[in-house]
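Novice: Please read through the structure below; I'll follow up with questions.
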Amino acid sequence: MAEGAGTPEPIARLIEAFHRLPGIGPKSAQRLAYHILRVPPQEAEALASAIRDVKERIRFCSICLNITDTDPCAYCTDSRRDPSAICVVEQALDITAVERAGGFRGRYHVLHGVLNPIDGVGPEDLHIKELVTRLADGEVKEVIMATNSSLEGEATAMYIHRLVGPLGVKVTRLARGLPSGADLEYTDDLTLSRAFEGRQEI
Amino acid sequence: MAERPRTYTAEGVILRRRNIGEADSIFTVYSDREGKFDAVARGVRKTRSKMRGHLEPLTRSRFLIAKGRSLDVFAQAETVHHYRAVREDLDRAATAVYCAELVDRFTAERAPQEGLYSLLLGILDALEDGCGITVARYFEVQLLALSGYDLALDACALCTTPLAAEDTLLSPSAGGLVCRLCRPQAEGGRILGVRAVKVLRYARRATLDAFAALNLDPDLDAELRTALALVIRHTLERDLAATRFLEDVRRLPGPHPAPSPDGRVE
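From first to last, the protein sequence lines stand for chains A and B. Residues 1 to 202 (our numbering) make up the first sequence, in order. Residues 1001 to 1266 (our numbering) make up the second sequence, in order.
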C-alpha cells in the first residue's frame, strides 16, 4: 500500500498487515492502525499475544482434523457424543455452524476444502484418506455429508459416497430446500424442485 | 449520438466461478451472443442472495448485465435449465465440467464462435437425458473443428493421400491422421485401431444424437480418449484440471455407466 513518506515505518507496517486481512480495504486498515496507536498498551499487547497464541497453540486434531488446542479435540474426546455418526464438513468453521444449530451429537470430520474439478483440487488435496481410516473399525454406522450445496460440494459428497459406500457405511446428505426467510419468487428451480420432493406433512 | 446502453441481456452457461472478497464471485459464462465473458455477482455467496442458485456452474441462465468500468456486473439472473441429473451423478458431472473447461480454454473473451453454444447445450442436454459419458469424444472432435483445429481424418494430414480403413497414426503435431508413408515424419501421437478411426470419422460428420446411440465400449472409448487428450494438450499447450478429476472418478469403485454388451461400431 502506498503510505505517505512521512508515515513512521512501524505504523506503515501495521497498516500493511491489516490491509492483508480479508475484507479490509486501505482506509479501514489505516483506521485500525491508528486505533491501535491510541489504545492502552495492555490492550494492544493482548491482541498481539492472542495472534501469537493462535499460531503457536492451535493445530489440527489428529482424528477429525478440526482446529484445536488439545489433541484430540473436544468433540473427539467428549464421551457423551455418539461415535457412530460422523458429520463431514468442508472447513472447521462449518462445525461452529452445525453446533450453533444444535441437534447433532455425533462426531465430525473436516476435509479442509472441497473437490473442485474446475480448479484442479483433487481428492488427494483433501483429508479424505483420514476419513476412510476412521471407518475401518466398523464403529461408524453413518457418514453425514454436510458439504455446501454447490457443484463442488455435491461432487465431494458423491465422491465420498462412492468411495466409502462399499465399506458398508450408510452415507447420507443434508436435505436441500428453502432457506428460512426465502422468497419463493427468487428461488432457483433446482432448489424449489428439491424442496418439493422433500416436502413434509405439517 | 445515442448513449450506449448501460445494460445488456445474454443467455449462457456458467463455466466457472472464482470467489473474490467476502461475498462476491466472478463467473465465466459462455453465451450465445457475447461468447465467453466474465462478470461479477455482488454478495452472491450470502444465503439471502437472489441470484445464488441461478449462477451455479453448469447452469444455463438468462442474465441482465450492467456494464462496469473494469468488470461487468450481474444485475439479474434466471435459470433456464439447471441440469439436475448431470450434477447429481458424479461421472456425468465430471464430464460436463470437463466440457466446460474445454470451452473456457478454447475460446477468447467476447469472441463468439459459430455453433459452439449449441454444441455446449447439446452435450449438456445429452448428458441430462442419460447419454453415456462417451459423448465427450463427440464434443472433443466437434470443438476442435469449430475452433479451427479440424482433424484431418479422411486423407493424410501431411501428404493428403486418401486413407484406407486400417490402423492409422493420429498425430497431434500433424493435426490428424497420418498415412503409413508419412509416419516417420510425424512426431508423437498414437496408432489407432480401425474401429477407433471409424468412430473418429463418425464423430466428425454425425449428429450428436446419432453418435450418442453408438454407446462406445469402454476399451474403444479409452483408446480414443487417450489419443484425443494428446491432441488437446498439444493444441492448448497445457493440461486440463478436469482431466485429472475424471481420472480420480474413474478410479472409484462402481457404479460406472454400464457398458453395452456389444458396443460395436458399424
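Quick reminder that beta carbons are idealized off the backbone N, C-alpha and C, glycines included. Please read these numbers as outputs of a predicted model, since none were measured by experiment.
Rounded to a whole number of angstroms, what is the C-alpha to C-alpha distance between residue 89 of chain A and residue 111 of chain A?
Specialist: To locate residue 89 of chain A, count along the first sequence from 1; it is residue 89. To locate residue 111 of chain A, count along the first sequence from 1; it is residue 111. The alpha-carbon atoms of residue 89 of chain A and residue 111 of chain A are separated by roughly 6 Å.
Novice: Taking just the CA atoms, how far does residue 1198 of chain B sit from residue 1179 of chain B?
Specialist: For the purposes of this step, residue 1179 of chain B is taken as the residue at position 179 of the second sequence. For the purposes of this step, residue 1198 of chain B is taken as the residue at position 198 of the second sequence. Distance between the alpha carbons of residue 1179 of chain B and residue 1198 of chain B is about 15 Å.
Novice: Using a beta-carbon distance below 8 Å, is residue 162 of chain A in contact with chain B?
Specialist: Residue 162 of chain A sits at position 162 when you count from the first residue of the first sequence. Closer than 8 Å: yes.
Novice: Return the first residue and the last residue of the alpha helix (DSSP H) that residue 1051 of chain B is part of.
Specialist: For the purposes of this step, residue 1051 of chain B is identified with residue 51 of the second sequence, where counting begins at 1. Per DSSP, residue 1051 of chain B belongs to no alpha helix (DSSP H) and is neither H nor E.
Novice: In chain A, what lies closer than 7 Å to residue 1037 of chain B by C-beta?
Specialist: Walking along the second sequence from the start, residue 1037 of chain B turns up at place 37. Ordered by position in chain A, no residue passes the 7 Å Cβ test against residue 1037 of chain B, which lies about 17 Å from the chain.
Novice: Do the region 1179-1195 of chain B and the region 1147-1161 of chain B make contact, defined as three or more Cβ pairs closer than 8 Å?
Specialist: Output reads yes: the region 1147-1161 of chain B touches the region 1179-1195 of chain B.
Novice: Classify residue 1241 of chain B as helix, strand or coil using the three-state DSSP reduction.
Specialist: For this step, residue 1241 of chain B is matched to residue 241 along the second sequence. If DSSP states are grouped into helix, strand and coil, residue 1241 of chain B belongs with the helices.
Novice: Please name the residues in the region 1155-1182 of chain B whose beta-carbon is closer than 9 Å to at least one beta-carbon of chain A, in chain order.
Specialist: Cβ contacts with chain A: none found.
Novice: Is residue 155 of chain A close to chain B? Criterion is C-beta to C-beta, closer than 8 Å.
Specialist: In the first sequence, counting from the first residue as 1, residue 155 of chain A sits at position 155. Residue 155 of chain A counts as touching chain B.
Novice: Could you tell me which residues DSSP puts in a beta bridge with residue 1035 of chain B?
Specialist: In the second sequence, residue 1035 of chain B corresponds to position 35, counting from 1. Residue 1035 of chain B is bridged to B:1031.
Novice: Would residue 1237 of chain B pass as an interface residue toward chain A - the criterion being a Cβ-Cβ separation below 8 Å?
Specialist: Here the question's residue 1237 of chain B lines up with position 237 in the second sequence. Taking Cβ atoms only, chain A never reaches closer than 8 Å to residue 1237 of chain B, which makes this a no.
Novice: Mind checking if residue 108 of chain A is an interface residue toward chain B, Cβ cutoff 8 Å exclusive?
Specialist: In the first sequence, the residue the question calls residue 108 of chain A occupies position 108. No, residue 108 of chain A does not count as interfacial toward chain B.
Novice: Between residue 1141 of chain B and residue 1200 of chain B, is the Cβ-Cβ spacing less than 8 Å?
Specialist: Counting from one through the second sequence, the residue named residue 1141 of chain B turns up at place 141. Counting from one through the second sequence, the residue named residue 1200 of chain B turns up at place 200. Their beta carbons are under 8 Å apart, which means residue 1141 of chain B touches residue 1200 of chain B by this criterion.
Novice: State the DSSP-derived secondary structure class of residue 1259 of chain B, mapped to helix, strand or coil.
Specialist: Position 259 of the second sequence holds residue 1259 of chain B. At residue 1259 of chain B, the pLDDT of 41 sits below 50, so the modelled position is not reliable; the number obtained from the coordinates is stated separately. Correct three-state label for residue 1259 of chain B: coil.
Novice: Please report the residue range of the beta strand (DSSP E) in which residue 82 of chain A lies.
Specialist: Numbered from its first residue, the first sequence carries residue 82 of chain A at position 82. Run containing residue 82 of chain A: 82-89, per the beta strand (DSSP E) assignment.
Novice: With H, G and I counted as helix, E and B as strand and the rest as coil, what does DSSP make of residue 1191 of chain B?
Specialist: Locating residue 1191 of chain B in the second sequence gives position 191, where the first residue counts as 1. It is a strand residue.
Novice: For residue 1244 of chain B and residue 113 of chain A, which I take to be in contact (beta-carbon distance under 8 Å), what is that distance rounded to the nearest angstrom?
Specialist: Position 244 of the second sequence, counting from 1, holds the residue named residue 1244 of chain B. Position 113 of the first sequence, counting from 1, holds the residue named residue 113 of chain A. At roughly 15 Å, the Cβ-Cβ gap does not stay under 8 Å, so residue 1244 of chain B and residue 113 of chain A are not in contact.
Novice: Does residue 1087 of chain B have its Cβ less than 8 Å from a Cβ in chain A?
Specialist: As a position in the second sequence, residue 1087 of chain B is number 87, starting the count at 1. At least one chain A Cβ lies under 8 Å of residue 1087 of chain B.
Novice: Of all the CB atoms in chain B, is at least one closer than 8 Å to the CB of residue 190 of chain A?
Specialist: Taking the first residue of the first sequence as position 1, residue 190 of chain A is located at position 190. Yes, residue 190 of chain A lies at the interface with chain B (some Cβ there is under 8 Å from its Cβ).
Novice: Can you list, in chain order, the residues of its chain whose CB lies under 7 Å from that of residue 1166 of chain B, leaving out five sequence neighbours each side?
Specialist: Position 166 of the second sequence, counted from the start, is the residue given in the question as residue 1166 of chain B. For residue 1166 of chain B, where only same-chain residues beyond five positions count, the Cβ hits under 7 Å are 1194.
Novice: Within 8 Å of any Cβ in chain B, is that where the Cβ of residue 176 of chain A sits?
Specialist: The residue given as residue 176 of chain A occupies position 176 in the first sequence. Not an interface residue.
Novice: Can the beta-carbon of residue 1090 of chain B be found less than 8 Å from the beta-carbon of residue 151 of chain A?
Specialist: Numbered from its first residue, the second sequence carries residue 1090 of chain B at position 90. Numbered from its first residue, the first sequence carries residue 151 of chain A at position 151. Going by C-beta atoms, residue 1090 of chain B is not nearer than 8 Å to residue 151 of chain A.
Novice: Please classify residue 1007 of chain B as buried or exposed, where buried requires at least 16 neighbouring CB atoms within 10 angstroms.
Specialist: Along the second sequence, read from residue 1 onward, the residue named residue 1007 of chain B stands at position 7. It is exposed - the Cβ of residue 1007 of chain B has fewer than 16 other Cβ atoms within 10 Å.
Novice: Which of the residues in the region 6-25 of chain A, read from start to end, lie with their CB under 9 Å from any CB of chain B?
Specialist: Listed in sequence order: 22 and 23.
Novice: At 9 Å on the CB atoms, spell out the chain A contacts of residue 1139 of chain B, in chain order.
Specialist: For the purposes of this step, residue 1139 of chain B is taken as residue 139 along the second sequence, with counting starting at 1. Within 9 Å Cβ-Cβ: nothing; residue 1139 of chain B doesn't reach chain A, min ~16 Å.
Novice: Within its chain, find whatever has a CB closer than 7 Å to the CB of residue 1172 of chain B; leave out the 5 residues flanking it on each side and keep chain order.
Specialist: Translated into positions along the second sequence, residue 1172 of chain B becomes position 172. Excluding residues within five positions, the ones whose Cβ falls inside 7 Å are 1188, 1189, 1230, 1231 and 1234.
Novice: Quick one: residues in its chain with C-beta nearer than 6 Å to the C-beta of residue 1226 of chain B, no 5 flanking neighbours on either side, listed in chain order?
Specialist: On the second sequence, position 226 is the one that residue 1226 of chain B refers to. Once the five neighbours on either side are set aside, residue 1226 of chain B has no close Cβ partner at all.
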